Amino acid sequence: MEKTPQTMPRQSWTFSNEANAEIRRAAATGIYDIRGGGAKRRVPHFDDLLFLGASMSRYPLEGYRERCETSVTLGTRFAKKPIELKIPITIAGMSFGSLSANAKEALGRGATMAGTSTTTGDGGMTEEERGHSEKLVYQYLPSRYGMNPDDIRRADAIEVVVGQGAKPGGGGMLLGQKITQRVADMRSLPVGIDQRSACRHPDWTGPDDLEIKILELREITNWEKPIYIKIGGARPYYDTALAVKAGADVVVLDGMQGGTAATQDVFIEHVGQPTLACIRPAVQALQDLGMHREVQLVVSGGIRTGADVAKALALGADAVSIGTAALIALGDNDPKWESEYQKLGTTTGAYDDWHEGRDPAGITTQDPELMKRLDPEMAGRRLRNYLNVLTLECQTLARACGHNHVHNLEPEDLCALTMEAAAMAQVPLAGTNWYPGKPGF
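Counting from 1 along the sequence shown, just add 24 to a position and that's the residue number in my numbering.
1) Measure from the alpha carbon of residue 148 to the alpha carbon of each residue in 189, 208 and 220, then state which is nearest.
2) Which first and last residues belong to the beta strand (DSSP E) in which residue 114 is found?
3) Output the distance between the C-alpha atoms of residue 41 and residue 48, rounded to the nearest integer angstrom.
4) Terminal residues of the continuous alpha helix (DSSP H) containing residue 330?
5) Thinking C-alpha only, which one of 197, 353, 352 and 326 is nearest residue 380?
6) Residue 33 to residue 39, Cα distance in whole Å?
7) Could you tell me which of 356, 375 and 425 sits nearest to residue 395, measuring between CA atoms?
8) Can you tell me which of 118, 87 and 194 puts its alpha carbon nearest to the alpha carbon of residue 163?
9) Tell me the rounded alpha-carbon separation between residue 58 and residue 289.
10) Please determine, among 409, 115 and 310, the residue with the shortest C-alpha to C-alpha distance to residue 264.
11) Excluding five sequence neighbours on each side, which residues of the same chain lie with their C-beta closer than 7 Å to the C-beta of residue 116?
12) Please report how far the alpha carbon of residue 440 lies from the alpha carbon of residue 76, in whole angstroms.
13) Contact defined as beta carbons within less than 8 Å: I believe residue 120 pairs with residue 150. What is the distance between those atoms, to the nearest angstrom?
14) Go through its chain and collect everything with a Cβ distance to residue 400's Cβ below 7 Å, but skip five positions before and after it.
15) Say whether chain B places a C-beta atom closer than 8 Å to the C-beta of residue 34.
16) Use the C-beta contact count for residue 56: other C-beta atoms within 10 angstroms, 16 or more gives buried, fewer gives exposed.
17) For a test of the three-state rule: what should DSSP assign to residue 61, helix, strand or coil?
18) Count the other CB atoms, across all protein chains shown, that sit within 10 Å of the CB of residue 69; report buried if there are 16 or more and exposed otherwise.
19) Tell me which residues share the same chain as residue 250 and place their Cβ nearer than 7 Å to its Cβ, disregarding the 5 neighbours each side in the sequence.
20) Using only CA atoms, which one of 270, 240 and 301 lies nearest to residue 278?
21) Return yes when the Cβ of residue 368 is within less than 8 Å of the Cβ of residue 377, no when it is not.
22) Judging by CA-CA distance, which residue of 211, 154, 321 and 179 is the nearest neighbour of residue 340?
23) Can the beta-carbon of residue 154 be found closer than 8 Å to that of residue 178?
24) Please classify residue 294 as buried or exposed, where buried requires at least 16 other C-beta atoms within 10 Å of its C-beta.
25) Note the first and the last residue of the continuous beta strand (DSSP E) segment covering residue 343.
26) Does the Cβ-Cβ distance between residue 282 and residue 390 come in under 8 Å?
27) Can you look up residue 363 in the DSSP assignment and give me helix, strand or coil?
28) Which residues bound the alpha helix (DSSP H) around residue 290?
29) What number of angstroms, rounded off, separates the C-alpha of residue 165 from the C-alpha of residue 194?
30) Please return the same chain residues whose Cβ sits closer than 7 Å to the Cβ of residue 123, not counting the five positions on each side in sequence.
31) With DSSP run on the structure shown, which of helix, strand or coil describes residue 120?
32) Give the single residue among 111, 192 and 267 whose Cα lies nearest to the Cα of residue 232.
33) Per the DSSP calculation, residue 75 is bridged to which residue(s)?
34) Is residue 140 near residue 160, with beta carbons less than 8 Å apart?
35) Would residue 335 and residue 416 qualify as a contact pair, given that the criterion is a beta-carbon distance under 8 Å?
36) Assign residue 332 to one of two classes, buried (16 or more other C-beta atoms within 10 Å of its C-beta) or exposed (fewer than that).
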């Protein structure tokens, strides 16, 4: 019998080719899949929001004649020396080990030229990054790799990492092929042996202990350095409130679109909440405690454009942080290496095996020959250019909404295209004055 469109075989939505391939891979190897990058599934994001530009009810600003400020100060609550940034965009923590020394240097160079900060990540402070970062945030992680009081004092701020958006509740991974002698020396590890970081800090188990730890860090630094607390996007209201209660100067909130160098794929795709869903509960926690703007909120996870930056600020953030986008700006997944990506069994834009240390772009590798491909000066200039474009785009949108500072953007400047985005961002569905869960409806 001839098959008609109605009788043609159909692929199961549940057991798709992709799902079946993962079942076969697991059956063949007996181990879970590890990769880098962030979530690849489609979730509500900043693209589901639109700005309501000024017209009659609001008056726009003229871009060529009226200023729109972008500066932000982080750590104003307790620190004697808060960090003053020219732009509300920072570079997220990415470790030396997961990244090459040239990549860390390039991040420092680019951030400094743009007037912002970069962050060490797990594994300690490298001279390449400290030497080229005007403002450097030192990450204090459960692993304590490379941690020492001298480097803490050399930093401009300290970020205590409780959770990460790609893997809230999980620790980091660094496979043996990336643990060279230098990485091993910094982390006090054997060369070439896989490393898996702890998922929680060894000397405290809750917010009461965190308060003691923050006081210790303040004493080490003579109360000069701002203390950030980084949380994954799991329970943003309560985690933000507890971080504030423990004495944080800044809360860094990382949604599930945030990347990682290596973890289980099941973590990346199935743990945490979208960045868009996390911002308003965190802001609400700060408002309920009377701490909004006194304790700064930095949002990360999937920031790509100046529109993303502006929308995060409009929802109540003080600044954003970028990781994956910064690596792409440096040259990660560049089409010029397409033939080499294909040799690795992948393609430009899909390469996520950062843990294997074979990155053709020389960024997520410790291979000396591959590292040479990344010129830190040129890559730093590319990052500077990208940060400048993000800032200009954000300013353009703020002016269009009638604001002379990007921090004057507000939820009233936004509407949502979908029910999900309206509910998460708590802004009206386009064409209405309603969102799901709005009080009084």
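Just so it is clear, CB atoms sit at the ideal spot from N, CA and C, and this is done for glycine as well.
The structure presented is a predicted model; accordingly, all values stated were derived computationally and were not measured.
Short version:
1) Residue mapping note: residue 148 aligns to position 124 of the sequence shown, counting from 1. Taking only the C-alpha atoms, the option nearest residue 148 is 208.
2) For the purposes of this step, residue 114 is identified with residue 90 of the sequence shown, where counting begins at 1. Start and end: 113-115.
3) For this step, residue 41 is matched to residue 17 along the sequence shown. For this step, residue 48 is matched to residue 24 along the sequence shown. Rounded to whole angstroms, residue 41 to residue 48 spans 10 Å at the Cα level.
4) Counted from its first residue, the sequence shown places residue 330 at position 306. Its alpha helix (DSSP H) spans residues 330-338.
5) Taking the sequence shown and counting its residues from 1, the one referred to as residue 380 is at position 356. Considering only 197, 353, 352 and 326, the residue with the shortest C-alpha distance to residue 380 is 197.
6) Indexing the sequence shown from 1 puts residue 33 at position 9. Indexing the sequence shown from 1 puts residue 39 at position 15. Distance between the alpha carbons of residue 33 and residue 39 is about 14 Å.
7) Position 371 of the sequence shown, counted from the first residue, corresponds to residue 395. Per the Cα distances, 356.
8) Start at 1 with the first residue of the sequence shown, and residue 163 comes out as number 139. Per the Cα distances, 118.
9) Taking the sequence shown and counting its residues from 1, the one referred to as residue 58 is at position 34. Taking the sequence shown and counting its residues from 1, the one referred to as residue 289 is at position 265. Straight-line spacing of the CA atoms in residue 58 and residue 289 works out to 6 Å.
10) To locate residue 264, count along the sequence shown from 1; it is residue 240. Distance check between residue 264 and each of 409, 115 and 310 places 310 closest, using alpha-carbon atoms only.
11) Translated into positions along the sequence shown, residue 116 becomes position 92. Apart from sequence neighbours up to five positions away, the residues of its chain that approach residue 116 with a beta-carbon distance below 7 Å are 143, 324, 345, 346 and 347, ordered along the chain.
12) Here the question's residue 440 lines up with position 416 in the sequence shown. Here the question's residue 76 lines up with position 52 in the sequence shown. About 10 Å.
13) Within the sequence shown, the letter at position 96 stands for residue 120. Within the sequence shown, the letter at position 126 stands for residue 150. Going by Cβ atoms, the distance from residue 120 to residue 150 rounds to 5 Å, so yes, they are a contact pair.
14) Reading the sequence shown from its first residue, position 376 is the one you call residue 400. Same-chain partners within the cutoff: 126, 129, 130 and 133.
15) Included in the structure is just one protein chain, with no chain B present.
16) By 1-based counting over the sequence shown, the position of residue 56 is 32. With fewer than 16 other Cβ atoms within 10 Å, it is exposed.
17) The residue given as residue 61 occupies position 37 in the sequence shown. DSSP places residue 61 in strand when its eight states are reduced to three.
18) By 1-based counting over the sequence shown, the position of residue 69 is 45. Flag for residue 69 reads buried.
19) Your numbering for residue 250 matches position 226 in the sequence shown. Taken in chain order, the residues that qualify are 98, 99, 103, 106, 107, 181, 273 and 274.
20) Within the sequence shown, residue 278 is the residue found at index 254, counting from 1. Closest by alpha carbon: 301.
21) Walking along the sequence shown from the start, residue 377 turns up at place 353. Walking along the sequence shown from the start, residue 368 turns up at place 344. Taking the C-beta atoms as reference points, residue 368 is found nearer than 8 Å to residue 377.
22) Counting from 1 along the sequence shown, the entry for residue 340 is found at position 316. Closest option to residue 340, Cα to Cα, is 321.
23) To locate residue 154, count along the sequence shown from 1; it is residue 130. To locate residue 178, count along the sequence shown from 1; it is residue 154. Between residue 154 and residue 178, the gap from beta carbon to beta carbon is short of 8 Å.
24) By one-based count along the sequence shown, residue 294 stands at place 270. Result: exposed.
25) In the sequence shown, the residue the question calls residue 343 occupies position 319. Taken as a continuous stretch (DSSP letters only), the beta strand (DSSP E) holding residue 343 covers 343-346.
26) Position 258 of the sequence shown, counted from the start, is the residue given in the question as residue 282. Position 366 of the sequence shown, counted from the start, is the residue given in the question as residue 390. Taking 8 Å as the cut-off, the Cβ atoms of residue 282 and residue 390 do not count as close.
27) On the sequence shown, position 339 is the one that residue 363 refers to. The three-state reading of DSSP puts residue 363 in helix, counting H, G and I together.
28) Mapped onto the sequence shown, residue 290 falls at position 266. Element bounds for residue 290: 289-294.
29) As a working note, residue 165 is residue 141 in the sequence shown. As a working note, residue 194 is residue 170 in the sequence shown. Distance between residue 165 and residue 194, taken at the CA atoms: about 12 Å.
30) Taking the first residue of the sequence shown as 1, we reach residue 123 at position 99. Result list for residue 123: 387 and 388, in chain order.
31) Within the sequence shown, the letter at position 96 stands for residue 120. Looking at residue 120 - three-state DSSP - the assignment turns out to be strand.
32) Position 208 of the sequence shown, counted from the start, is the residue given in the question as residue 232. It is 267.
33) Here the question's residue 75 lines up with position 51 in the sequence shown. Answer is 438, bridged to residue 75.
34) Position 116 of the sequence shown holds residue 140. Position 136 of the sequence shown holds residue 160. No, Cβ-Cβ distance for residue 140 and residue 160 is not below 8 Å.
35) Counted from its first residue, the sequence shown places residue 335 at position 311. Counted from its first residue, the sequence shown places residue 416 at position 392. Judged by their CB atoms, residue 335 and residue 416 are not nearer to each other than the 8 Å cut-off.
36) Position 308 of the sequence shown, counted from the first residue, corresponds to residue 332. Result: buried.
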